[in-house]
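K.L.:
For the sequence shown, full-length UniProt numbering begins at 1 and goes up steadily by one.
Idealized CB from N, CA, C, for every residue including glycine.
Only a predicted model underlies this, so the values are computations on that prediction, with no experimental measurement involved.
If you scroll down you'll find the structure; I have some questions about it.
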Amino acid sequence: MTPYDDLPYVSRPFRQTHPDRLASMGLLLGMTPADPRTAHVLDVGCGSALNLIAMAATLPDARFFGFDLAQTAVEQARSCIARLGLQNIRVEHMDLLEFPGDAGEFDYIIAHGFYSWVPEEVREALLALVNRHASPHAICYLSFNARPGSTLRLAWREAAAYHAHGIIDPVERAQASVRMLELMAETSAARPGAWRDIVTEMVDAVHAKGIRWVGHDDFGPVFEPFHFHEVAEAAARHGMQYLSDACHFDSQPYELGDPAREILQDLEQRDLLLREQYFDFLELRPFRQILLCRSGVALRRPIDTAGLRQMSFSSAADETGAAADGQIVVSNPLTGSRSEVGELSRAILRQLRAAWPCSMPFAQVLPAQADRDEIALRVERLWACALIEAHAVAQRCGRGTEERPVVWHLARLEAADGTTVTTRIHSQCIVDDVTRDLLRLLDGSRSRSELIARFPDLQRRLDWLARMGLLEPADESTPA
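Here's what the structure looks like:
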């Protein structure tokens, strides 16, 4: 039994780990990554594997393998896979130290929430596994707690360990730890400053994550933050190099002042790894999500807009106001990003928003007679601001206008058990009881007229399901 058997971890999809996201970063930096549609994907410490299952359900010709040390989680994953009838995914109960040497090559390797939560021996074994099993142009996603931004979390961990001393039950122990953080927030409330702001943000994040996450993320047996340069050096010892942040927006100094930006710009031209480390010092990032590739792969920096022209784009961004200088304020609810844009960027965003959640090839963005170089530049800036997403594989969903609408099978399965469902665009949303009932019926066997008899506001609900990315494209909508 492991702590993850005693207190099961809540599994969910992570957009930043999706092969499409990883491939797009590789393409933009000069790599030739494997086509996600036919790739071989490994998830290390996959838990109950919802992240991997959601990928497998939308990429039927790709192959997926996950493993975890928690038997309970593996059994949950296998049950879900069997209920969905997926043939392209396998999940095993396995210790990383016993990973078979003949497992073959993987094009995408995911190690989310793993590196900072295991002993040194296992960390080294992870990087050795990546080097041994990564295909020539493989991309590895690796997340870890970062120094110096995790310093306050360490202080909380120490105080909470003392406060919860003697409590055996994992849920009660996590609850006591949260109460300690709330006490720290209450005592800092009367003292304005950075400390109060950081503690308040931590309380909000903890409440949003829930007890099961806190019990493992912050109070598991191992909690080891690292400086960026330490992880980069460890990867280099195993033949891997830093490719980029998994979320490009996270590596941009938008909230830093001009002096700090100038320092980072100078460092980037001289030594990218040094720039990344100083950015962590200046930004106090507590958590890093980085991508690695083989050390021998030649990369193209900075990002060349030629790579953008091979891709498609999507955006959920909405206009939220007008700036004093006449520009338009735009916000993306998926990424939390906000920026001011001019008329050309506004036109691009409107076109992508109209197609959402489907993506649009670069060649179709704005009229053909428009200046394509200028459009490429604007698209690159919008992507860097996280107002649009780049896709190596087209993002396709139903539009809510189909005669026999179909909600994709994973969401239908989840709706039978609860109110949180996974979307085709690798996110989650919460549905009410009426929508749950509708989801369970949208299997392609019922016509619109049959559905309207039960749901008079059918089109409104279908429009919402379409925006969430829950509907199957028409050519994949076969009765189940």
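Using only the alpha-carbon positions, how far apart do E224 and G66 sit?
P.N.:
Roughly 24 Å separates the two Cα atoms.
K.L.:
Tell me where the alpha helix (DSSP H) around F99 begins and ends.
P.N.:
Per DSSP, F99 belongs to no alpha helix (DSSP H) and is neither H nor E.
K.L.:
What residue from L142, M311 and P286 has the CA that sits closest to V130's CA?
P.N.:
Comparing Cα positions, the closest option is L142.
K.L.:
For the beta strand (DSSP E) holding T422, just list the boundary residues, first then last.
P.N.:
Start and end: T420 to T422.
K.L.:
Quick check: V44 and F64, are their CB atoms within less than 7 Å of each other?
P.N.:
No; because the gap between Cβ atoms is not below 7 Å, this pair is not in contact.
K.L.:
Taking DSSP's pairing of strands, which residues face P361 in a bridge?
P.N.:
Bridge partners of P361: S312.
K.L.:
Would you kindly work out how many angstroms separate the C-alpha atoms of G342 and G239, rounded to a whole number?
P.N.:
C-alpha separation (whole angstroms): 44 Å.
K.L.:
Would R436 and A411 be called neighbours here (beta carbons separated by less than 7 Å)?
P.N.:
Against a cut-off of 7 Å, the Cβ pair of A411 and R436 comes out as no contact.
K.L.:
Mapping DSSP to helix, strand and coil, what is C293?
P.N.:
Of the three classes helix, strand and coil, the one that applies to C293 here is strand, per DSSP.
K.L.:
Only counting runs of 4 or more residues, tell me where the alpha helix (DSSP H) segments fall wholly within the region 158-234, in order along the chain.
P.N.:
Complete alpha helix (DSSP H) runs here, min 4: 170-188, 194-209 and 211-217.
K.L.:
Does the Cβ of L451 have 16 or more other Cβ atoms within 10 Å, making it buried, or fewer, making it exposed?
P.N.:
Classification for L451: buried.
K.L.:
Suppose the cutoff is 6 Å on Cβ atoms and the five residues either side in sequence are ignored; what does the same chain contact list for A227 look like?
P.N.:
First, the amino acid is wrong: residue 227 is His here, not Ala. Closer than 6 Å at the Cβ level, and outside the excluded window around H227, lie R147.
K.L.:
Kindly examine the ligand NAD and report whether one of its heavy atoms sits closer than 6 Å to the Cβ of S116.
P.N.:
Looking for the ligand NAD in the displayed structure turns up nothing, as the structure carries no ligands at all.
K.L.:
Please report the straight-line C-alpha distance between E472 and S177, rounded to a whole angstrom.
P.N.:
Whole-angstrom Cα-Cα distance: 43 Å.
K.L.:
Report the three-state DSSP secondary structure of Y115 (helix, strand or coil).
P.N.:
Here Y115 sits in helix by DSSP.
K.L.:
Do S24 and A392 have their C-beta atoms closer together than 7 Å?
P.N.:
Going by C-beta atoms, S24 is nearer than 7 Å to A392.
K.L.:
Could you tell me the alpha carbon to alpha carbon distance between R309 and Q364, rounded to whole angstroms?
P.N.:
If I take the Cα positions, the gap works out to 10 Å.
K.L.:
Please state the DSSP three-state secondary structure of L273.
P.N.:
In this structure, L273 counts as helix in the three-state DSSP scheme.
K.L.:
So does the region 29-38 actually touch the region 291-307, counting three or more Cβ pairs closer than 8 Å?
P.N.:
With a cut-off of 8 Å, the region 291-307 and the region 29-38 count as touching, because enough Cβ pairs lie within range.
K.L.:
Between the alpha carbons of V91 and A77, how many angstroms are there, rounded?
P.N.:
Approximately 7 Å between the Cα atoms of the pair.
K.L.:
Using the beta-carbon count (16 or more within 10 Å), is residue 500 buried or exposed?
P.N.:
The shown model of the chain, from 1 to 480, leaves out residue 500, and the question about it has no answer.
K.L.:
When the Cβ atoms of the region 157-168 are set against those of the region 180-190, are three or more pairs found closer than 8 Å?
P.N.:
They touch, by the three-pair rule.
K.L.:
At which residues does the alpha helix (DSSP H) containing T72 begin and terminate?
P.N.:
Q71 to L84 is the span of the alpha helix (DSSP H), which, as asked, contains T72.
K.L.:
Count the other CB atoms within 10 Å of the CB of I81; is the residue buried (16 or more) or exposed (fewer)?
P.N.:
Buried, because 16 or more other Cβ atoms sit within 10 Å of the Cβ of I81.
K.L.:
CA-CA distance, P170 and S79?
P.N.:
If you take the alpha carbons of P170 and S79, they lie about 25 Å apart.
K.L.:
May I have the straight-line CA-CA distance separating G469 from V329, to the nearest angstrom?
P.N.:
One C-alpha to the other measures close to 25 Å.
K.L.:
Do Y115 and I139 count as a contact pair if the criterion is CB distance below 7 Å?
P.N.:
Against a cut-off of 7 Å, the Cβ pair of Y115 and I139 comes out as no contact.
K.L.:
Spell out the partners DSSP gives I89 in its beta bridges.
P.N.:
Per DSSP, F64.
K.L.:
For D95, count neighbouring C-beta atoms within 10 Å of its own C-beta (all shown protein chains included) and say buried if the count is 16 or more, exposed if not.
P.N.:
Counting Cβ neighbours within 10 Å, D95 comes out exposed, since fewer than 16 surround it.
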